[in-house]
Amino acid sequence: MAHDIEIIEKTPAEFEYKKRRSDRLMRSQLMMFALMIFMTLISFAAVQAGFSAYFVIPVVLLLAAVQVGLQLYYFMHMSEKGHGLVAFFMYGGVLLAFLTVLAFVTIIWW
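1 is the number of the first residue of the sequence shown in full-length UniProt numbering; add one for each residue after it.
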């Protein structure tokens, strides 16, 4: 028949391995979420405290760049196997965008 479904039973060891792996993944995602909330609060506090713009802007941009990297790595599952080509193109695109902005800024300031 065309609609036969194959049911694969998991052994208890496979089930426990998957459960431990899922628990570890969920714990790391929750920790990263808390870290990103903390970095966002640091950014808001730096702006609200009235520091100089020469201090606040680089700090906010640095924290934003760190958050983008962590979100790609943890929440987009770039740390897992099989995402090498996708990660290569994403990081290549980020590098290309950075170089384009750098080129335009250089042209304008020169």
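Glycine is no exception: its CB is placed at the ideal position from the N, C-alpha and C atoms.
Range of the contiguous alpha helix (DSSP H) that encloses Q48
That run of the alpha helix (DSSP H) goes 12-48.
In the DSSP assignment, find the unbroken alpha helix (DSSP H) run with I88 in it and report its ends.
The sequence shown places Phe at residue 88, not Ile. For F88, the enclosing alpha helix (DSSP H) stretches over residues 84-109.
Alpha carbon to alpha carbon, how far is H77 from M26? Give it in angstroms, no decimals.
Approximately 12 Å between the Cα atoms of the pair.
Determine the extent of the alpha helix (DSSP H) in which Q67 is found, giving its start and end residues.
Here the alpha helix (DSSP H) through Q67 covers 53-70.
Output yes or no for whether 8 Å exceeds the beta carbon distance between V66 and M39.
By the CB criterion at 8 Å, V66 and M39 fall inside the cutoff.
Going along the chain, which residues of its own chain have a beta-carbon closer than 6 Å to the beta-carbon of M32, five neighbours each way excluded?
For M32, where only same-chain residues beyond five positions count, the Cβ hits under 6 Å are L70, Y74.
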